[in-house]
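**Q**
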Amino acid sequence: MGLLEIQSIFKSYKTGSVLTRYRRIVKAVDGVTLSLGKSRCLGLVGESGCGKSTLARLVLGLEKPDRGEIVFRGNSMHVVFQDYYNSLNPKMNILNIVSEPIRYHSPLPASIVKSKTIELLETVGLSARDAEKYPHQFSGGQLQRINIARAISLDPSLLVLDEAVSSLDMPIRAQILNLLADLKSHSQMALIFISHDLDSVGYLADSIAVMYLGRIIEYFADISLVGNAQHPYTNKLLHPELGDFKFEQAHDASSKGCGYANQCEWAKAICYTKSPYLQTSSYGHMVACHEGVC
Amino acid sequence: MDRNSDTIFKIENLFVKIPTRQGTVHAVNGITLSIEKGQTLGLVGESGCGKTVSCLTALGLQKKHFRVKGKTCLNHREIHMLTPSEKRRVLGKQVGFIMQNPMQAFNPLITIEEHFRETIRSHKKASLSEVRKSANDLLQKVGLAGYEKILHQYPIQLSGGMLQRVMIALALILKPRLLIADEPTTALDTTLQSQIVKLFKKLKKNSDISILLISHDVDMIASIADKISVMYAGYIVEQGPTEEVISRPLHPYTKGLLLSRPRFSKERLHTIPGHPPSLLNLADGCPFYQRCFSSGPLCPSFSMDLQHCGNGHFVSCAYIDKSFDKHKVQEHGSPRDTVNF
Numbered sequence: 001m002g003l004l005e006i007q008s009i010f011k012s013y014k015t016g017s018v019l020t021r022y023r024r025i026v027k028a029v030d031g032v033t034l035s036l037g038k039s040r041c042l043g044l045v046g047e048s049g050c051g052k053s054t055l056a057r058l059v060l061g062l063e064k065p066d067r068g069e070i071v072f073r074g075n076s077m078h079v080v081f082q083d084y085y086n087s088l089n090p091k092m093n094i095l096n097i098v099s100e101p102i103r104y105h106s107p108l109p110a111s112i113v114k115s116k117t118i119e120l121l122e123t124v125g126l127s128a129r130d131a132e133k134y135p136h137q138f139s140g141g142q143l144q145r146i147n148i149a150r151a152i153s154l155d156p157s158l159l160v161l162d163e164a165v166s167s168l169d170m171p172i173r174a175q176i177l178n179l180l181a182d183l184k185s186h187s188q189m190a191l192i193f194i195s196h197d198l199d200s201v202g203y204l205a206d207s208i209a210v211m212y213l214g215r216i217i218e219y220f221a222d223i224s225l226v227g228n229a230q231h232p233y234t235n236k237l238l239h240p241e242l243g244d245f246k247f248e249q250a251h252d253a254s255s256k257g258c259g260y261a262n263q264c265e266w267a268k269a270i271c272y273t274k275s276p277y278l279q280t281s282s283y284g285h286m287v288a289c290h291e292g293v294c
Numbered sequence: 001m002d003r004n005s006d007t008i009f010k011i012e013n014l015f016v017k018i019p020t021r022q023g024t025v026h027a028v029n030g031i032t033l034s035i036e037k038g039q040t041l042g043l044v045g046e047s048g049c050g051k052t053v054s055c056l057t058a059l060g061l062q063k064k065h066f067r068v069k070g071k072t073c074l075n076h077r078e079i080h081m082l083t084p085s086e087k088r089r090v091l092g093k094q095v096g097f098i099m100q101n102p103m104q105a106f107n108p109l110i111t112i113e114e115h116f117r118e119t120i121r122s123h124k125k126a127s128l129s130e131v132r133k134s135a136n137d138l139l140q141k142v143g144l145a146g147y148e149k150i151l152h153q154y155p156i157q158l159s160g161g162m163l164q165r166v167m168i169a170l171a172l173i174l175k176p177r178l179l180i181a182d183e184p185t186t187a188l189d190t191t192l193q194s195q196i197v198k199l200f201k202k203l204k205k206n207s208d209i210s211i212l213l214i215s216h217d218v219d220m221i222a223s224i225a226d227k228i229s230v231m232y233a234g235y236i237v238e239q240g241p242t243e244e245v246i247s248r249p250l251h252p253y254t255k256g257l258l259l260s261r262p263r264f265s266k267e268r269l270h271t272i273p274g275h276p277p278s279l280l281n282l283a284d285g286c287p288f289y290q291r292c293f294s295s296g297p298l299c300p301s302f303s304m305d306l307q308h309c310g311n312g313h314f315v316s317c318a319y320i321d322k323s324f325d326k327h328k329v330q331e332h333g334s335p336r337d338t339v340n341f
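Protein sequences, first through last, are from chains A and B. The numbering of the first sequence is this note's numbering, which starts it at 1 and goes up by one. The numbering of the second sequence is this note's numbering, which starts it at 1 and goes up by one.
1) Answer yes if the region 45-55 of chain A comes into contact with the region 192-199 of chain A, meaning at least three C-beta pairs across the two stretches below 8 Å, and no otherwise.
2) Name the two residues that bound the continuous beta strand (DSSP E) containing A:H78.
3) Mapping the DSSP letters down to three states, classify B:H115 as helix, strand or coil.
4) Since A:D169 sits in a beta bridge, which residues does DSSP pair it with?
5) Can you list, in chain order, the residues of its chain whose CB lies under 8 Å from that of A:A181, leaving out five sequence neighbours each side?
6) Does chain B have any CB closer than 9 Å to the CB of A:S48?
7) Beta carbons nearer than 7 Å to chain A: which residues of the region 302-325 of chain B have them?
8) Select from A:P109, A:K38, A:L4 and A:L183 the residue whose C-alpha is nearest the C-alpha of A:L60.
9) What does A:G51 reach in chain B if we use C-beta pairs closer than 7 Å?
10) From the DSSP output, read off the bridge partner residues of A:L42.
11) If you follow the alpha helix (DSSP H) that B:M162 is in, where does it begin and where does it stop?
12) Quick one: grab the DSSP three-state call for B:F288.
13) Under 8 Å, with one C-beta from each stretch per pair, do the region 29-42 of chain B and the region 289-303 of chain B reach the 3-pair mark?
14) Quick check: the region 215-230 of chain A against the region 282-290 of chain B, are there 3 or more CB pairs under 8 Å?
15) What would DSSP say about B:D219, mapped onto helix, strand or coil?
16) I need the DSSP call for B:F408, collapsed to helix, strand or coil.
17) Starting from the beta carbon of A:G141, find every residue of chain B whose beta carbon is closer than 7 Å, and list them in chain order.
18) Please go through the same chain and pick out, in chain order, the residues whose beta-carbon is closer than 8 Å to the beta-carbon of B:S301, but skip the five residues on each side of it.
19) Alpha carbon to alpha carbon, what distance is there between B:R165 and B:L144?
20) Are at least three pairs of beta-carbons, each pair with one atom in the region 115-132 of chain A and one in the region 58-77 of chain A, less than 8 Å apart?
21) Please state whether DSSP places B:M81 in a helix, a strand or coil.
22) Kindly indicate which three-state DSSP category A:N96 falls into: helix, strand or coil?
23) What span of residues does the beta strand (DSSP E) with B:Q153 cover, start to end?
24) Find the nearest neighbour of B:T7 within the set B:L33, B:I18 and B:T20, judged by alpha-carbon distance.
25) List, in chain order, every chain B residue whose beta-carbon is nearer than 9 Å to that of A:D83.
26) Can you confirm whether the region 66-85 of chain B touches the region 113-124 of chain B when touching is taken to mean that 3 or more C-beta pairs between the two stretches lie within less than 8 Å?
27) Starting from the beta carbon of B:T191, find every residue of chain A whose beta carbon is closer than 7 Å, and list them in chain order.
28) Kindly say whether B:D217, judged by its beta-carbon, lies nearer than 9 Å to any beta-carbon of chain A.
29) What is the residue span of the alpha helix (DSSP H) that A:Q144 lies within?
30) Grouping DSSP H, G and I as helix and E and B as strand, with all else coil, what is A:V71?
31) Count the other CB atoms, across all protein chains shown, that sit within 10 Å of the CB of B:G344; report buried if there are 16 or more and exposed otherwise.
32) Within 9 Å of any Cβ in chain B, is that where the Cβ of A:N147 sits?
33) Does any CB atom of chain A fall closer than 9 Å to the CB of B:F200?
34) Of all the options A:K14, A:I70, A:D130 and A:G140, which has the alpha carbon lying nearest to the alpha carbon of A:A28?
35) Can you list the residues of chain B that A:H196 reaches, using a CB-CB cut of under 7 Å?
36) Are any of the Cβ atoms in chain B nearer than 9 Å to that of A:A250?
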């Protein structure tokens, strides 16, 4: 029994307004099944618009799935978003920001809340002096640390990191990645780490799911299996320097077949008519490709 | 002067100070750069280190209240001496500029074709068919062949990767001698990034355009540039041929920058402690010494002059340490080929 079980969930959005002709349905998440065990880290990789963030929002309960179900067996979950500045209320000081979940969920005396908050700030590498400051007094990396401190304040069993390091500079990104790696090893927290940067995912994740147009196209239960990636899209992500100069084409939701077929160099006739299912290729490795599995 | 005859663009001892209510921001503290014909210079640094300010100021595009000292020459003509109309004529034609955010650089109310028309016609007379022809030629060059309908579309109808290519095409349409690309891949996905990198490489190979490439991504810069300048807190701390700087970094900041890249392995990342200093009322001396692992008593009063260390490699550090743990910085190939855990 895993901590989180996602059973074939679907979520689609209607775009455009009622008044325009260009009204279409975008299948943001198109039948995703995933599970995540305790104190594991799942890396979710894919280009922007592939449904990574929608999947995260579905897990967090910020969106309702059209179909399918999500079972969560932990006590709580929290999230860290990419936009570290807008995630913090500029009118609150750091003490109030970080302690807000504690104050809301467990009525404790103010002194205990304060000492707990300072402990949290120290965990993420800030000091007690910072508690009285306001968000505008910090740099981006520090703000992301504050977001992380708030996210772990209730000791959640699942932490969702939605592009949490993507907008940080390299040396600061390394600091935050090390902090997350420490948190993962010292607590029982499970992580969902969403990023389009494969190198960061490779550093943190235990298992990796590659998403393309709302579907999981390849899943590695263990990161050591990434070496035998089979899906052409995964290979393109892993080795972007290879491959030719092909251009992305807007995917039509109504089209049949594999979403990647238009760009795939190995596409066969079947790829345009039948969409491949995620099938086990070897132990702990699943791939959705007509070419790879056959 | 003979040696410099090929120099297209030169920044000499540029200082930019920005007065604010809280004090003076020392955005650029005496940088010197030069780009020769056909050369690509990569300017690396963290956000807020003065990369963008220095190149905007070098072109005379700074805000009015900036206090600027120094000299910039484009083709041996000093840019700050030009009148606004001359500047428009000279810079508009000879310098192509690519912005970080492709979505915001276009006028949402006019079609792509009108963007091309506006750019061309403000510098020379051209008929509509000529504009179309040259626009199509360039779109083909940037990998948008067979997308003729783009010209009649509005920016909002194109994806980020396409817009970035259209912007590169727009920047190249007047055949500039210098192309300045300010974080051209930052707003894009990994796969699109590699496409843009390929495009730059192709451009470099097929023409003798000089490129100033600004980015915080060392990997991207290293794969394109001939020369690298590493910037920190408004200073250039290290400068040299790409190979030299990447394989034998001398400044502790460059070493930290190279070691802090995640490499798809579980090996713990090296980090630079602390965070970049505020440029507000920046003190004299080396701005990096409080984060530096090899600092000494000379650092707080160090003049930050670049010293030559052979092979065209310059560094500004009071304690130059030539040893560098090469095993930690892997070779520049793809480390994912040999995934070790």
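By construction, the Cβ of each residue, glycine as well, lies at the ideal position given by its N, Cα and C atoms.
**A** Taking the structure as given:
1) yes
2) M77 to V80
3) helix
4) Residue pairing from DSSP leaves A:D169 without any beta-bridge partner.
5) Contacts found: Y203 and L204.
6) yes
7) Of all residues in the region 302-325 of chain B, none is placed with a Cβ closer than 7 Å to any Cβ belonging to chain A.
8) A:L4
9) In chain order: nothing, as chain B lies at least about 14 Å away.
10) A:I192 and A:S207
11) G160 to L172 is the extent of the alpha helix (DSSP H) around B:M162.
12) coil
13) no
14) Touching, no, given that fewer than three Cβ pairs across the two stretches are closer than 8 Å.
15) Correct three-state label for B:D219: helix.
16) This structure leaves residue 408 of chain B out entirely; chain B is present only between 1 and 341.
17) H275
18) These residues qualify, in order along the chain: D284 and G285.
19) Straight-line measurement puts the Cα of B:R165 at about 8 Å from the Cα of B:L144.
20) Touching, no.
21) DSSP places B:M81 in helix when its eight states are reduced to three.
22) helix
23) B:Q153 -> no beta strand (DSSP E), and no H or E assigned at all.
24) B:L33
25) Listed by position along chain B, the residues whose Cβ is nearer than 9 Å to that of A:D83 form an empty set, because the closest Cβ is around 14 Å away.
26) No, they do not touch.
27) Taking a Cβ-Cβ threshold of 7 Å, the residues of chain A close to B:T191 are E47, K236, L237 and P240, in chain order.
28) yes
29) G140 to A151
30) strand
31) Residue 344 of chain B lies beyond the residue range present for chain B, which begins at 1 and ends at 341; the question has no answer from this structure.
32) no
33) Answer no: the Cβ-Cβ gap between B:F200 and chain A never drops below 9 Å.
34) A:K14
35) D189 and T190
36) Because the pLDDT of A:A250 is 47, which lies under 50, any placement of that residue in the model is unreliable, and the number read from its coordinates should be weighed accordingly. Yes, its Cβ sits closer than 9 Å to a Cβ of chain B.
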